[in-house]
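Trainee: Structure incoming, see below.
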Amino acid sequence: PTATWSRALSSDQGIFKGLSFYVPYGTNTVTKAELEEKLSSHAGSITQNPKSQFTIVVTGQPTGLRLKNLQNSGDFAVLESKWLDACVSSGYLIDPAPFKLGQGSLPVALQVALAIGVSGPPADADIPKVLQASDASPD
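Residues 2 to 140 in our numbering are what the sequence shown lists, from first letter to last.
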């Protein structure tokens with residue numbers, strides 16, 4: 002059998018397992034409730050009382066007083082809701098930097114998840130060849 006390389010989490014674990022999210026707003030096409038459902042269906046925890054060092058704020062609209070207050074505090078990582086779609090489409094956590102709004106720090110749980118490799122396949126294209134070579138049966 003040929004080995005394949007994947008750091009994606011299995012569907013029973015969920016992409017967002019161990020991460021806490023606060024969703025202040027939806028978009029023009031996706032409601033707040035739909036964003037929360039997408040997060041929870043992939044094992045994310047939803048809170049209505051965000052704690053800065055633990056909560057990822059995901060929003061469909063980069064405006065609004067509540068969101069501005071969160072961004073101005075500098076304590077919250079505020080990400081565009083497109084990040085959720087990108088993670089779900091890829092099957093793993095992806096780098097949130099291109100989706101970040103403001104200067105808040107990423108919660109430790111997300112930093113750890115990204116660091117230990119639940120964030121997708123490595124850039125090194127030789128890893129699948131190494132796995133395939135070591136998994137091959139001798140003739």
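C-beta: ideal position from N, C-alpha, C; glycine also.
#1: Rounded to the nearest angstrom, what separates T64 and Q72 at their Cα positions?
#2: Figure out for me which residue from P51, L107, Y26 and D86 has the closest Cα to the Cα of L66.
#3: Using 10 angstroms around the beta-carbon of E38, count the other beta-carbons present and answer buried if the total reaches 16, otherwise exposed.
#4: For K33, which three-state DSSP category applies?
#5: Pull up the distance between the alpha-carbon of G75 and that of Q112, whole angstroms please.
#6: List the whole-angstrom C-beta distance separating L80 from F100, where the pair is believed to meet the contact cut-off of C-beta under 8 Å.
#7: Starting from the N-terminal side, write out each stretch of the beta strand (DSSP E) that is 3 residues or longer and does not extend beyond the region 30 to 91.
#8: Which same chain residues, not among the five before or five after P97, have their C-beta less than 6 Å away from its C-beta?
#9: Looking at C-alpha atoms only, which residue of P51, T30 and Y23 is the closest neighbour of L40?
#10: Please return the same chain residues whose Cβ sits closer than 8 Å to the Cβ of S11, not counting the five positions on each side in sequence.
Mentor: By the coordinates alone:
#1: 10 Å
#2: Y26
#3: exposed
#4: helix
#5: When rounded, the distance between both Cα atoms is 17 Å.
#6: 5 Å
#7: List check, beta strand (DSSP E) in window: 56 to 60 and 78 to 81.
#8: L80 and W84
#9: Y23
#10: Because S11 sits at a pLDDT of 42, beneath the cut-off of 50, its placement in the model cannot be relied upon, and the following sentence gives the value as read from the coordinates. If we look at S11 and ignore the five residues flanking it on each side, it has no Cβ neighbours.
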